[in-house]
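Here the protein sequences come in this chain order: A and B. If you want this note's numbering, it's the position in the first sequence, counting the first as 1, plus 1450. If you want this note's numbering, it's the position in the second sequence, counting the first as 1, plus 257. This report concerns only the one structure given below.
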Amino acid sequence: MHTDWPLWEVFIRSKQGLDHKHVGSLHAADAQMAIENARDVYTRRMEGVSIWVVQSSDIHASNPDDAESLYDPANDKAYRHPTFYDLPDELRHM
Amino acid sequence: MQTMPASLLPDTTIINTNARISYVLYLADNALILGHRNSEWCGHGPALEQDIALSNIALDLLGQARHLYQYAAELYNQLNPSAPVTEDHLAYLRDVRDFRNCLLAEQPNGHWGQTVLRQFFFSCWQYYFYQQLQHSNDTQLQAIAIKSLKEVTYHLRWSSEWVIRLGDGTAESKTRMQQAAADLWPYTHELFQPAAFEQEAVSAGYGVTPGSIEKDCLGRIQHIFSEATLSVPVTQPGLHSGGKTGVHTEHLGFILAEMQFLQRAYPGSEW
């Protein structure tokens, strides 16, 4: 297949959503084509109102092997969670 | 295999003597035949993403065709309530000579560049055509135009970018695009030449004067071609026409043979 077309990650913001969510990836020659491909591949059922594309090679990820040192220390620190407050009803999107 | 009952076949005399039905069928046939051509790419596109893109366009065109055939059937049934027809009768049970689509729509897919250029020429025409049709005094046509225009705007954008990409691409892609332009150009002329039913449609206030959008179409083509570093072919005598009056190129018969086979062999069968 078209190995010369780079891979892009696609993020779509849905009608109700406030943030863009990762929905998948695709191949495209440039950013413009990536947005149009994303429109055709990922918004056919009216999923979105906004599209972001990022070239996959520009995403830097954490190493799964580091999981213990990165995340486990938070385990026993319950005071970091805002679970001791009563939220008023008017407050949304929390 | 059953024989097709004669009453199922749409009465061509009713269609041919009624300008409004002819007009709606002309628009419906355009959309159906190009939609069908594009659908031939399904599963064969140069990349999965583009396969889906062109299939989406095919489905858009099929959707437009359905609205138009449904409306044509409604008009037909008002005149001939004793043997009513549906959208399917009009799409599947009319012969080559009864189809009114422009010759451009039925031209073979060729290579990818040829397909996107055919789409570009057609979308360009459809874009300006539907803009005008929004002012039709026929509320059905008006509604179809408004809905279709959103789709066509995207088709035009998508096909324009491909024309630019391939025209201003490699030496090979540029040569192929320039050749495709030379091959398809003679078929564009017909879109702007009025058929008798179009002239009636214009004087009755529900149709678009074909020549009135030629300047806008040409301007858009020149603009995109210059970005694509392609030259617009010179218009010469010997341009093709006849689609609107049922005189087609040899390609349409093969399209219909494949498209209509099931309904002809098994009348009335459904999914």
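Using N, Cα and C, we set each Cβ at its ideal position, and we do this for glycine too. These numbers were taken from a predicted model, which means no experiment stands behind them.
Considering only heavy atoms of the ligand SAH, does any lie closer than 7 Å to the CB of residue i?
i, result
"E429(B)", "Of ligands this structure carries none, so the ligand SAH is not represented either."
Quick one: is residue i near chain B, going by C-beta distance under 8 Å?
i, result
"R1494(A)", "yes"
"V1499(A)", "no"
"D1508(A)", "no"
"D1600(A)", "The question about residue 1600(A) has no answer here: the residues shown for chain A are numbered 1451 through 1544."
"W1455(A)", "yes"
Answer yes or no: does any C-beta atom of chain A fall closer than 8 Å to that of residue i?
i, result
"E306(B)", "yes"
"W415(B)", "yes"
"E297(B)", "no"
"E418(B)", "yes"
Alpha carbon to alpha carbon, how far is residue i from residue j?
i, j, result
"P451(B)", "P467(B)", "6 Å"
"L475(B)", "V1504(A)", "36 Å"
"M258(B)", "G367(B)", "Per-residue confidence for M258(B) stands at a pLDDT of 46, beneath the threshold of 50, marking its modelled position as unreliable; the derived number appears in the next sentence. Looking at the two C-alpha atoms, the distance is approximately 35 Å."
"I1509(A)", "K1527(A)", "30 Å"
"L323(B)", "Q335(B)", "With the sequence shown as reference, residue 323(B) is identified as Arg, and Leu is not the correct amino acid for it. Between R323(B) and Q335(B), the C-alpha separation is close to 18 Å."
"S405(B)", "Y384(B)", "9 Å"
"S526(B)", "Y349(B)", "12 Å"
"L423(B)", "F356(B)", "33 Å"
"L266(B)", "Y326(B)", "15 Å"
"I421(B)", "T486(B)", "8 Å"
"A458(B)", "I278(B)", "10 Å"
"R1542(A)", "V1460(A)", "27 Å"
"Q371(B)", "M434(B)", "7 Å"
"D1516(A)", "A1524(A)", "14 Å"
"A1481(A)", "R1495(A)", "22 Å"
"A522(B)", "L319(B)", "22 Å"
"D425(B)", "W419(B)", "10 Å"
"E429(B)", "L374(B)", "16 Å"
"L448(B)", "I481(B)", "19 Å"
"S1507(A)", "L1457(A)", "8 Å"
"W442(B)", "S483(B)", "16 Å"
"I478(B)", "N1487(A)", "24 Å"
"M1451(A)", "A304(B)", "Unreliable placement is indicated for M1451(A), whose pLDDT of 48 sits below 50; the coordinate value is still reported in the next sentence. One C-alpha to the other measures close to 7 Å."
"A1479(A)", "D1522(A)", "41 Å"
"L1476(A)", "P1538(A)", "42 Å"
"L398(B)", "Y328(B)", "9 Å"
"H346(B)", "T396(B)", "24 Å"
"I401(B)", "E507(B)", "30 Å"
Residue i lies in the beta strand (DSSP E); which residues open and close that run?
i, result
"Q1505(A)", "S1500 to Q1505"
"L1476(A)", "K1471 to H1477"
Following the continuous alpha helix (DSSP H) through residue i, name the residue where it begins and the one where it ends.
i, result
"L406(B)", "T396 to G424"
"W1458(A)", "No alpha helix (DSSP H) holds W1458(A); the beta strand (DSSP E) holding it covers L1457 to R1463."
"L265(B)", "No alpha helix (DSSP H) holds L265(B); DSSP gives it neither H nor E."
"G503(B)", "From DSSP, G503(B) is part of no alpha helix (DSSP H); its letter is neither H nor E."
"T343(B)", "Looking at the DSSP string, T343(B) is not in any alpha helix (DSSP H), and its letter there is neither H nor E."
"C474(B)", "E471 to E484"
"F356(B)", "It is not in any alpha helix (DSSP H) - F356(B) carries neither H nor E in the DSSP assignment."
"Y523(B)", "Taken as a continuous stretch (DSSP letters only), Y523(B) belongs to no alpha helix (DSSP H), as it is neither H nor E."
"G530(B)", "Within the shown structure, residues of chain B are numbered from 258 to 528, placing residue 530(B) beyond reach of any answer."
"Q371(B)", "W369 to L390"
"S312(B)", "L305 to L336"
"I1485(A)", "A1481 to Y1492"
"F1534(A)", "That residue, F1534(A), is in no alpha helix (DSSP H); it is neither H nor E in DSSP."
"T427(B)", "Looking at the DSSP string, T427(B) is not in any alpha helix (DSSP H), and its letter there is neither H nor E."
"S1519(A)", "A1517 to Y1521"
"E507(B)", "Note, E507(B): premise wrong, no alpha helix (DSSP H); not H, not E."
"V489(B)", "From DSSP, V489(B) is part of no alpha helix (DSSP H); its letter is neither H nor E."
"F449(B)", "Note, F449(B): premise wrong, no alpha helix (DSSP H); not H, not E."
By the 10 Å Cβ neighbour count, where 16 or more other Cβ atoms means buried, how is residue i classified, buried or exposed?
i, result
"G462(B)", "exposed"
"E1518(A)", "exposed"
"F454(B)", "buried"
"T445(B)", "buried"
"S393(B)", "buried"
"Q376(B)", "buried"
"D1469(A)", "exposed"
"Q1466(A)", "exposed"
"L513(B)", "buried"
"C299(B)", "exposed"
"H412(B)", "buried"
"L1520(A)", "exposed"
"A438(B)", "buried"
For chain E, is any of its Cβ atoms less than 8 Å away from the one on residue i?
i, result
"H324(B)", "Checking the listed chains, one finds no chain E in this structure; the protein chains it contains are A and B."
**OP:** With 8 Å as the limit, tell me which residues of the segment 1457-1487 of chain A have their beta carbon closer than that to any beta carbon of chain B; keep them in chain order.
**Re:** Cβ proximity to chain B below 8 Å picks out L1476, H1477, A1478, A1479, Q1482, M1483, E1486 and N1487 from the segment 1457-1487 of chain A.
Subject >> chain A contacts from the segment 307-319 of chain B (Cβ-Cβ distance under 7 Å) >> reply: I309, A310 and N313
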